[in-house]
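Have a look at the structure below before the remarks.
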Amino acid sequence: MRVESVRGMRDILPEEAWVWQAVEEMLRQVFALYGYEEIRLPVVERAELFSRGVGETTEVVHKEMYVFPDRKGLELALRPEATASVVRAYLEHGLYAKGGVTKLYYLGPMFRYEKPQMGRQRQFHQYGVEALGSLDPALDAEVMALAWHLMEALELRGEHLLFRVNSIGCREDRPKYREALRSYFAPHAAGLCPDCQRRLEENPLRILDCKEPACRELAGAAPRATDHLCPGCKEHFGQVLSFLDALGLVYVEDPTLVRGLDYYTRTVFELASRELGAQDALLGGGRYDDLAELLGGAPTPGVGFAGGMERLILVLTGQGVGAQERPLLDVYVVPIGGEAKRPAVELLTRLRKAGLAADMDYVGRSLRKMMEIAGKRARYALILGPDELVRDQATVKNLATGESQTFSLAEVPERLRGLAERSC
Ligand code: HAM
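Heads up: the sequence shown runs through residues 30 to 453, numbered per this note's numbering.
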């Protein structure tokens with residue numbers, strides 16, 4: 030029996046991978062505009078990083094994390110997200126020593142044992158940013174502006190996108206808010222799903238992001254976090270909103286938005302796309318001013334977001350972005366007959382050294398078939414037939430216009446480069 034891939038973990042084949050590359054390049058450019066530098070993190074971390082950082086009672090840690098012992102019995106996890114890892118690395122390498130705000134971005138695979146469906150995989154990829162070292166509400170707004178900038182740079186159509194924003198307060202506010210939620214939900218406990226009945230005791234905030242219709246309906250009229258903010262958090266949230274207004278970002282305040290990870294404090298936000306259906310969160314983030322302490326470091330405020338690459342690409346392709354032709358080879362070399370093979374091989378090397386993407390057939394196809402492949406894969410066909418070889422020449426055929434020209438073998442790379450540059 031053939032070995033197949035694991036459910037929820039898919040291959041990204043070449044016809045899709047080039048779109049990923051183009052999107053990643055654009056993301057990197059925009060991250061750089063805001064002063065972010067890349068951090069590359071391990072995929073495997075100690076499981077404790079997430080149970081302490083993300084929270085034992087969250088779905089992500091409680092139900093979805095891939096946990097396994099290594100050969101010495103150390104409990105490891107495939108990372109379900111990267112914020113905890115970024116903060117770990119920030120503390121471990123003393124990145125705070127430089128002072129000011131440390132701005133880091135990452136791209137890479139994350140793992141959650143969820144039920145796979147459109148826009149939800151078990152191995153998925155995130156792009157994300159984390160800005161560490163400042164409590165300034167202008168930074169919260171800047172992070173959201175960056176997220177919006179990404180969508181604009183990728184030409185995602187704005188009318189389908191909506192920012193939801195909320196403040197869930199600080200650790201002093203949280204117990205009061207939890208109590209308010211408990212008192213509100215307790216009389217309706219029987220109407221909650223079994224998970225939420227458990228959450229009512231453990232962490233009633235999590236009821237607010239339950240997807241069950243009955244729980245959602247009850248959550249709609251639940252007490253609002255913003256009514257339980259201390260003066261400092263109220264002031265912070267007010268300022269975040271006024272900076273968002275100043276930046277011209279369109280958002281709605283959503284009192285039910287709490288996000289599924291425990292480290293959040295104050296600002297939380299999501300950018301949703303109506304085109305994604307049930308899994309509509311294109312990206313999400315917020316502030317996590319206590320996370321560094323939870324991980325054993327000195328208090329360090331932070332704010333950031335992460336988005337799912339698969340979801341982003343789903344929306345982009347749905348809107349026809351990226352439907353343009355996959356990048357072509359510059360030239361496909363077509364040797365006719367055994368005599369032409371050696372000059373073709375030599376020419377290929379010279380073409381590549383001249384910076385031209387070039388390839389040829391290695392499975393003995395007929396001339397007709399080679400020209401067919403050239404037509405699909407390349408902009409020019411370089412034909413080396415007996416007539417050409419006698420004269421030390423090659424025929425270059427423009428596969429878009431059908432025009433042909435003959436060049437001496439010696440000057441082919443230079444001439445082709447000229448043609449390729451002119452037609453770019
Ligand atoms: P999150 O909301 O859990 O936040 O994930 C961020 C984004 O990752 C989601 O909005 C979604 O686009 C994508 N995503 C999550 N799970 C899946 C999945 N199973 N399949 C496909 N895409 C998925 C975080 O991970 C936080 N670390 C974000 C953050 C950064 N907060 C502050 N800084």
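Virtual Cβ for every residue (Gly too), placed ideally from N, Cα, C.
So, with DSSP's three-state summary, where would you put GLU110? Residue state, collapsed to three classes: coil.
Taking 7 Å as the cut-off, is the C-beta of TYR317 nearer than that to any heavy atom in the ligand HAM? yes
Limits of the unbroken alpha helix (DSSP H) element including PHE354: A small fix is needed here, since residue 354 is Glu in this sequence, not Phe. Where GLU354 is concerned, there is no enclosing alpha helix (DSSP H), because DSSP gives it neither an H nor an E.
At a cut-off of 7 Å, would you count GLN155 as near the ligand HAM, judging by its Cβ distance to the nearest heavy atom? Flag set: Cβ of GLN155 near the ligand HAM.
The ligand HAM and PHE334: does any heavy atom of the ligand fall closer than 7 Å to the residue's C-beta? yes
In chain order, what residues of the same chain lie with their CB nearer than 8 Å to the CB of MET55, ignoring the 5 residues before and after it? LEU179, ALA182, LEU183
Please report the distance separating the alpha-carbon of ILE375 from that of ARG451. The sequence given here places Glu at residue 375; Ile does not occur at that position. Their Cα atoms are separated by approximately 25 Å.
In this structure, does DSSP put MET455 in helix, strand or coil? In the structure as shown, the chain begins at 30 and stops at 453. Residue 455 is therefore absent and cannot be evaluated.
My output table needs one value for TYR391: the three-state DSSP class, helix, strand or coil. coil
Collapsed DSSP secondary structure at LEU286 in the structure displayed: coil
Count the C-beta pairs between the stretch 234-254 and the stretch 280-294 that are closer than 8 Å, then say yes if the count reaches three, no if not. yes
Nearest to LEU345 by alpha carbon, out of VAL52, VAL35, PRO204? The shortest Cα separation from LEU345 among VAL52, VAL35, PRO204 belongs to VAL52.
Where does GLY277 land, buried or exposed, given buried means 16+ other C-beta within 10 angstroms? exposed
Tell me whether VAL72 sits in a helix, a strand or coil according to DSSP, three-state version. coil
Can we count THR112 as close to the ligand HAM, meaning its CB is less than 7 Å from some heavy atom? yes
For LEU183, verify whether its CB is less than 7 Å away from any heavy atom of the ligand HAM. no
Report back the beta-carbon spacing between VAL105 and ASP99 to the nearest angstrom; my notes put them in contact at under 8 Å. Here residue 105 is Leu; the residue named in the question, Val, does not match the sequence. The Cβ separation is near 6 Å, so the contact holds.
What residue from TYR142, LEU62, THR112 has the CA that sits closest to ASP291's CA? THR112
What do you reckon, is the C-beta of ARG149 under 7 Å from a heavy atom of the ligand HAM? yes
Is any heavy atom of the ligand HAM found at a distance shorter than 7 Å from the C-beta of ALA439? Checking every heavy atom of the ligand HAM against the Cβ of ALA439, none is found closer than 7 Å.
Reducing DSSP to helix, strand and coil, say where GLU159 ends up. strand
Identify whether ASP274 lies in helix, strand or coil by the three-state DSSP scheme. In the three-state reduction of the DSSP assignment, ASP274 falls in the helix class, which pools H, G and I.
Between which two residues does the alpha helix (DSSP H) containing ASP416 stretch? 415-419
Output the boundary residues of the beta strand (DSSP E) element that contains THR296. 294-302
Given the structure, does ARG39 come close to the ligand HAM, in the sense that its CB is under 7 Å from one of the ligand's heavy atoms? no
Using a Cβ-based criterion (distance less than 7 Å to any ligand heavy atom), does GLY129 qualify as near the ligand HAM? No, Cβ of GLY129 sits at least 7 Å from all heavy atoms of the ligand HAM.
Would you kindly check if the distance between the Cβ of LEU428 and the Cβ of ARG408 is under 8 Å? If you check the CB distance, ARG408 and LEU428 come in under 8 Å.
Helix, strand or coil, according to DSSP, for LEU183 in the structure here? coil
Flag this pair as yes or no: are the beta carbons of MET173 and LEU273 separated by less than 8 Å? It is a contact, given that the beta carbons lie within the stated cut-off.
DSSP on GLY128, reduced to helix/strand/coil? coil
Taking 7 Å as the cut-off, is the beta-carbon of GLU159 closer than that to any non-hydrogen atom of the ligand HAM? yes
Quick check on the burial criterion: 16 or more other C-beta atoms within 10 angstroms. Buried or exposed for ASP132? Note that residue 132 corresponds to Lys in the displayed sequence, not to Asp. By the 10 Å Cβ count, LYS132 comes out buried.
What did DSSP end up calling GLU104 once you bin it into helix, strand or coil? strand
Quick check: what's the CA-CA separation for PHE436 versus TYR135? 47 Å
Does the stretch 82-101 come close enough to the stretch 381-399 that 3 or more CB-CB pairs lie under 8 Å? no
Exposed unless 16 or more other CB atoms sit within 10 angstroms - verdict on ALA170: buried
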